[in-house]
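Undergrad:
In my numbering, the protein residues as written are 15 to 133.
1) Measuring only the C-alpha atoms, how far is residue 93 from residue 26?
2) Using three-state DSSP, classify residue 90 as helix, strand or coil.
3) Return the residue from the list 83, 128, 85, 71 that minimises the CA-CA distance to residue 116.
4) Report back the beta-carbon spacing between residue 97 and residue 121 to the nearest angstrom; my notes put them in contact at under 8 Å.
5) Can you tell me the Cβ-Cβ gap for residue 79 and residue 48, rounded? I've got them flagged as a contact below 8 Å.
6) DSSP three-state call for residue 26: helix, strand or coil?
7) Please report how far the alpha carbon of residue 87 lies from the alpha carbon of residue 77, in whole angstroms.
8) Going straight from the alpha carbon of residue 119 to that of residue 82, what length do you get?
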């Protein structure tokens, strides 16, 4: 699903940023749309769920797609964000949250080994 938001300014106001979001929601069935978004993007925000280990694998795949398609990948801001940390429960609370399936250390280790390979 593609959301486009064009923001315009009135005379004398500061310019605002135009943001185009490609929200796959885990569904990667439109490869042409993804390729177009990757080709024209100025930055990337890749989000995974800390309650779903498979979502981190999909995020890794997205980063790999960016790396394969963009020769300027080292010059583009890329942010990897873990979502749903607010619904995670720990051993001490046993509440109604979900169990964390992706540890911060796992992501940190992957990034520290993967980022040098972006070159």
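Think of the CB as a built atom: it goes at the ideal place given N, C-alpha and C, for glycine as much as any other residue.
These numbers were taken from a predicted model, which means no experiment stands behind them.
TA: Judging by the given coordinates:
1) Straight-line Cα distance between these residues: approximately 32 Å.
2) Coil at residue 90, not helix or strand.
3) Ranking 83, 128, 85, 71 by CA distance to the CA of residue 116 puts 71 first.
4) Contact annotation, residue 97 with residue 121: C-beta distance approximately 12 Å; criterion of less than 8 Å not satisfied.
5) Confirmed, Cβ separation roughly 7 Å.
6) DSSP places residue 26 in the coil class of the three-state scheme, outside both helix and strand.
7) Cα to Cα, residue 87 sits roughly 10 Å from residue 77.
8) Near 26 Å, if we compare the C-alpha coordinates of residue 82 and residue 119.
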